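Structure first, then comments.
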């Protein structure tokens, strides 16, 4: 079933076109990576999907509902967004930070259900031991997971992630993405993530969208990862290898 | 089974915070009675509490037939002063806590937005040029209300300039802090200019005005400060989840449905209002608004549901404690409370900073 459908979305900052006629569709349990060089419109696309930026043309539909007809709170119940890491952290506990994800659902006092949902997410993401620790004490990987947990607490249908592996070491990159994939598959969500690391994008995505100057240069399954496409979009000569499982690896040639 | 445990853990964690608030209320009540019994006039404890409780009785509480000296001292000097310390401390602390979260800046205090310097300018204008807002003219020194009105109008003026600038440029934390600092310099320069032209007595009066002093408290200005905090506090407390969301970042808050610009602008105006009222009546009382929220965060953390009420109480306790000390240390001489707040608050702050093993803010 099609969960997220984006058709002909365009956006410009003043006179600078940032996105032009971007379209994509995602089904339950699918992960799509948006790749492209810096300034190609990855973050702008995520913000347009979320409605934080109003797309000038085109529609974004979640479960066949046009998000333009929804309030911000209603959108928050459908989509969870994990922005890029913010460096300043407030001394708020991990539990409270995740509980914030219940804001669209609750009044002043969180209900028992809210607390249960948060506890469950903490368990399944292996953050239980950190529940009452302050965000300011967490490592980068733990903080990242907390932010994802917060987005999951919104009980969304769509997850939007802006470079979820940025600033993380290899272990945490893999950990965060594994966890993400598990959640997406088991809960039947779909995820759109902006990625810089092509190899991780290939490893964890079902679909790839390649942006170049705000336009879709190529989109589809992993087949679009070719030497020519990468050369045109990134301006870098690469060689493609296959590991012993037959998975593609991208390596700069020079 | 284990899942249940985690929620219970969290609930007992929040209950602990509620208990701490209760403890602070008791501490504040205790301090209230201690403070009431201390002062330059040597009254015995018995006289103090007799006079206090006599005034509380419903039988014509403020009737002049009870004009014993103790009664006058308690009801017209000490009580307004003590209560003012409580409400002004709370007002400054809440303003500081709100500004720190909306500006995402641990250095933010109620004076970051230039409220104090613009209030001082308003006061100086009235003291030196004898000019009030809307053409009032009053003689120097004598007419306190004109000074107060002027101070208040100018501090709100600077808040509205920041509001307007942020509306144009986008209400980000950076824009607001920079606009606030610009206002601060502008009005300090304007005050210096006025002082340059003023006579020696006038300059002294301006400097004295700027010293925070709770001796200026009386029942009418106490009522105004109390009313302001009673109106503003429930509003900011209602927004506690929005503040929590904002402490995870602008983008996160927006994606959770928080109208970040609106929250920031209205919170800014409300905290400016709290600060302006306190500053206009009492002068600049430093550090409470910076320290109280930090002390609170160190002790109970950054959840605004508990942070906001607790910071109120901590602010009240700090200011009341400082004022009590300022009245007793060199009695009968009364030191400016603004100086004492720093002398008492800073060691406490540093102690907490060093003691906490956790990385803080």
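Chains as they are written, first to last, in this note's numbering: chain A, 130 to 383; chain B, 100 to 460. By construction, the Cβ of each residue, glycine as well, lies at the ideal position given by its N, Cα and C atoms. On a predicted model such as this, the values are computed, not experimentally measured, just so you know.
Per DSSP, residue 446 (chain B) is one residue of the alpha helix (DSSP H) stretching across 436–454. Within the region 307–341 of chain B, the residues whose Cβ lies closer than 9 Å to some Cβ of chain A are 336, 337, 339, 340 and 341, listed in chain order. Runs of alpha helix (DSSP H) with 4 or more residues, each lying fully within the region 198–269 of chain A, are found at 201–207, 223–228 and 241–253, listed in chain order.
The beta carbon of residue 201 (chain A) falls within 8 Å of a beta carbon belonging to chain B, placing the residue at that interface.
Cβ atoms of residue 129 (chain B) and residue 417 (chain B) stay farther apart than 8 Å, at about 15 Å. Note on the region 325–375 of chain B: whole alpha helix (DSSP H) runs with a minimum of 4 residues are 339–345 and 349–354, in chain order.
Between residue 254 (chain A) and residue 278 (chain A) the beta-carbon gap is near 5 Å, inside 8 Å, which marks them as a contact. The region 180–197 of chain B makes contact with the region 369–382 of chain B: 3 or more CB pairs, one atom from each, lie closer than 8 Å.
Rounded to whole angstroms, the gap between the alpha carbons of residue 377 (chain A) and residue 308 (chain A) is 22 Å. Against chain B, the CB of residue 184 (chain A) has no partner CB under 8 Å away; the residue lies outside that interface. Under the Cβ criterion of 8 Å, residue 304 (chain A) is not counted among the residues facing chain B.
In chain order, 322, 324, 330, 334 and 337 place their CB closer than 6 Å to the CB of residue 162 (chain A), counting only its own chain and leaving out the 5 sequence neighbours on each side.
Within its own chain, the residues whose Cβ lies closer than 6 Å to the Cβ of residue 362 (chain B), once the five positions on either side in sequence are excluded, are 341, listed in chain order. Neighbourhood of residue 249 (chain B) in chain A, by CB distance below 8 Å: empty, with the nearest CB roughly 37 Å away.
In the displayed model, residue 190 (chain A) falls within a strand according to three-state DSSP. Its chain contains 385 and 386 as the residues whose beta carbon lies nearer than 8 Å to that of residue 441 (chain B), once the 5 sequence neighbours on both sides are disregarded; these appear in chain order.
Where residue 135 (chain A) is concerned, there is no enclosing alpha helix (DSSP H), although the beta strand (DSSP E) around it starts and stops at 131–142. Listed along chain B is no residue with a C-beta nearer than 8 Å to that of residue 378 (chain A); the closest approach is about 33 Å. If you ignore the 5 residues before and after residue 353 (chain A), its C-beta comes within less than 7 Å of the C-beta of 337, 339 and 347, all in its own chain and listed in chain order. If you draw a straight line from the Cα of residue 381 (chain B) to the Cα of residue 348 (chain B), it comes to about 35 Å. Between the beta-carbon of residue 223 (chain B) and that of residue 294 (chain B) there is about 7 Å, and that keeps the pair under the 8 Å contact cut. Under the DSSP assignment, residue 373 (chain A) falls outside any alpha helix (DSSP H); it carries neither an H nor an E label. Put simply, the backbone Cα of residue 390 (chain B) is about 36 Å away from that of residue 298 (chain B).
Identification of chain B residues near residue 293 (chain A) by a Cβ-Cβ cut-off of 7 Å yields none; the smallest Cβ-Cβ distance measures about 14 Å.
Contact annotation: the region 401–420 of chain B touches the region 324–337 of chain B, with at least three C-beta pairs closer than 8 Å.
Listed along the chain, the chain A residues whose CB falls inside 7 Å of the CB of residue 450 (chain B) amount to none; the nearest CB is some 17 Å away.
Among the residues facing chain B, residue 287 (chain A) is not included, as its CB has no counterpart in that chain under 8 Å away. In chain order, 316, 317, 318 and 321 place their CB closer than 7 Å to the CB of residue 179 (chain B), counting only its own chain and leaving out the 5 sequence neighbours on each side. Closest in C-alpha terms to residue 286 (chain A), from the list A:178, A:169 and A:139, comes A:178.
Counting only the Cα atoms, residue 191 (chain B) lies some 26 Å from residue 238 (chain A). About 6 Å separates the beta carbon of residue 261 (chain B) from that of residue 282 (chain B), a gap short enough to meet the 8 Å contact definition. CA-CA distance, residue 263 (chain A) to residue 175 (chain B), rounds to 46 Å.
Look at residue 104 (chain B) here: in three-state DSSP terms it is helix. In this model, residue 313 (chain A) and residue 133 (chain A) are separated by some 13 Å (Cα to Cα). Taken in chain order, the members of the region 155–183 of chain A whose beta-carbon sits within less than 7 Å of a beta-carbon on chain B are 179 and 181. Rounded to whole angstroms, the gap between the alpha carbons of residue 433 (chain B) and residue 453 (chain B) is 32 Å.
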